[in-house]
Amino acid sequence: MAAYRELGRISDPTILKFFVLYVLQALGGSTAKSALGEVAMMTESASYFDYAQALDALLSTGHIAVGEEGSYTITPLGEDAHGHFYNQVPTWVRGRVGRAVME
C-alpha cells in the first residue's frame, strides 16, 4: 500500500493529518504540545518528521489552534474534519492510540 512506507507506519500526508486529529481528539481535544507528541510517538504509527509536518499543516490551515500556555486545541474546523474522516485512520492505528492514551 502506498500509504504505508514501512510496515505499521503511515506515510500518506492526508492520513497523517487525520491521525494527528485523531490523537488530539483522543486526548480530550486539548493538550500540551509535549503530550500530543508523546502519545503520537508511542503508537509507532508515524515518524517524528512526518508527524511534525502534519501538525504544522493542521496549524496553518486552522484545524488546530495554539491555546493558552502553548497547548494545542482542536478547532471547530478540526472537529468537523475528524468527524467526517476519522475512519480513514486505520483500525490498527486507532487501537494503538487508545492503548497509548491509557498509559
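Residue numbers (my numbering): 90 to 192.
Just so it is clear, CB atoms sit at the ideal spot from N, CA and C, and this is done for glycine as well.
From the DSSP output, which residues share a beta bridge with S119? Answer is T162, bridged to S119.
To the nearest angstrom, report how far apart F107 and I99 are at their CA atoms. Approximately 11 Å, taken between the alpha carbons.
Continuous beta strand (DSSP E) stretch holding V155: start and end: Run containing V155: I153 to V155, per the beta strand (DSSP E) assignment.
In the DSSP assignment, find the alpha helix (DSSP H) that holds D101 and state where it starts and stops. For D101, no alpha helix (DSSP H) run applies, since DSSP gives it neither H nor E.
Top-ranked residue by Cα proximity to S134, from L148, A170 and R185: Residue nearest to S134 within the set L148, A170 and R185 is R185 (criterion: CA-CA distance).
Determine contact between the stretch 173-183 and the stretch 101-121, defined as no fewer than three beta-carbon pairs at a distance below 8 Å. Look at the beta carbons and you see the stretch 173-183 touching the stretch 101-121: at least three pairs across the two are nearer than 8 Å.
The alpha helix (DSSP H) with A141 in it runs from where to where? Taken as a continuous stretch (DSSP letters only), the alpha helix (DSSP H) holding A141 covers Y137 to S149.
Using the beta-carbon count (16 or more within 10 Å), is V155 buried or exposed? Result: exposed.
Return the chain-ordered list of same chain residues with a C-beta closer than 7 Å to the C-beta of Q197, the five sequence neighbours on each side being excluded. Only positions 90 to 192 of the chain appear in this structure, which leaves residue 197 out of reach.
From I104, T103, D101 and T120, pick the residue whose C-alpha is nearest to that of G159; which is it? If we check each option's Cα against that of G159, T120 comes out closest.
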